[in-house]
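Visitor: Heads up: the sequence shown is residues 0 to 165, going by numbering that gives the first Met the number 0. Ideal Cβ placement from N, Cα and C applies to all residues, glycine included.
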Amino acid sequence: MKLKGTAHVYGNDIDTDRIIAGKYTKTLNMQELADHVFEDLDPDFRSKLQSGDMLVAGTNFGCGSSREQAPLALKKAGVSVVIARSFARIFYRNAINIGLPIVEIKDHTINDKDILNVNLSTGEVSNLTKSVFYKGADMPSVMIDIIREGGLVEYLKKRGTYQLTK
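1. Flag this pair as touching only if the region 142 to 155 and the region 38 to 51 have three or more C-beta atom pairs under 8 angstroms; answer yes or no.
2. Rounded to whole angstroms, what is the Cα-Cα separation between residue 110 and residue 63?
3. Per DSSP, what kind of secondary structure is residue 132 in: helix, strand or coil?
4. Please report how far the alpha carbon of residue 114 lies from the alpha carbon of residue 6, in whole angstroms.
5. Which residues in the same chain as residue 9 place their Cβ atom closer than 6 angstroms to its Cβ, once the five residues preceding and following it in sequence are excluded?
6. Among 106, 50 and 143, which residue has its Cα nearest to the Cα of residue 92?
7. In the DSSP assignment, what residue or residues form a beta bridge with residue 115?
8. Who pairs with residue 83 in a beta bridge, going by DSSP?
9. Going by the beta-carbon positions, is the gap between residue 66 and residue 15 smaller than 7 angstroms?
10. Should residue 100 go down as buried or exposed, given a rule of 16 or more other Cβ atoms within 10 Å for buried?
11. For the region 11 to 26 against the region 43 to 50, do three or more pairs of beta-carbon atoms, one drawn from each stretch, fall closer than 8 angstroms, so that the two count as touching?
12. Which same chain residues end up closer than 7 angstroms to residue 26 when comparing Cβ atoms and leaving out the 5 residues on each side of it in sequence?
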């Protein structure tokens, strides 16, 4: 699975409240979540973001609460992948569960508006703007399969192991 997009770079310790404010977490309307993503951190984010663009951050991305709405809002807004030096573990798992691709690169020098190629299968990121290559942390193949299917529910449905109970 290969992606290409423009980087939007932010710093360390971006918590889930900064990704999507708590006042929006009571809605089931995914477009409303997307419309307000990063609203408090960067009010211009939604106007700058093009579908397929990439979010790049420092350490501890997605810290704070365990709200699943944070990766859902990013995905629905059009973020194709989140690249960070490290992720809060609950955000990492929630992103996988909803099918939002993530790549962990311990040391990167990616700048805002750099053009990136990401190979999710190998964890490789090429910065086309600077001609720099990064190798991300290896992700288990089952997690890559879950992302490829669009999330855990779709992954399980495809395998016939997901059933709604009444």
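Guide: Concretely, from the data shown:
1. no
2. Within the sequence shown, numbered from 1, the residue matching residue 110 stands at position 111. Within the sequence shown, numbered from 1, the residue matching residue 63 stands at position 64. Cα to Cα, residue 110 sits roughly 25 angstroms from residue 63.
3. The residue given as residue 132 occupies position 133 in the sequence shown. Three-state result, residue 132: strand.
4. Residue mapping note: residue 114 aligns to position 115 of the sequence shown, counting from 1. Residue mapping note: residue 6 aligns to position 7 of the sequence shown, counting from 1. Spanning the two alpha carbons is a distance of roughly 6 angstroms.
5. Position 10 of the sequence shown, counting from 1, holds the residue named residue 9. Answer for residue 9: 56, listed in chain order.
6. What you label residue 92 is simply residue 93 of the sequence shown in a count that begins at 1. Closest by alpha carbon: 143.
7. Looking up residue 115 in the sequence shown gives position 116. BP columns for residue 115 point to 4 and 126.
8. Translated into the one-based positions of the sequence shown, residue 83 becomes position 84. In the DSSP output, where bridge partners are listed per residue, residue 83 has 56 and 103.
9. On the sequence shown, residue 66 is found 67 positions in, with the first residue counted as 1. On the sequence shown, residue 15 is found 16 positions in, with the first residue counted as 1. Yes, these two residues count as a Cβ contact at 7 angstroms.
10. For this step, residue 100 is matched to residue 101 along the sequence shown. So residue 100 ends up on the buried side.
11. no
12. Here residue 26 refers to the residue found at position 27 when the sequence shown is read from its first residue. Correct list, in chain order: 32.
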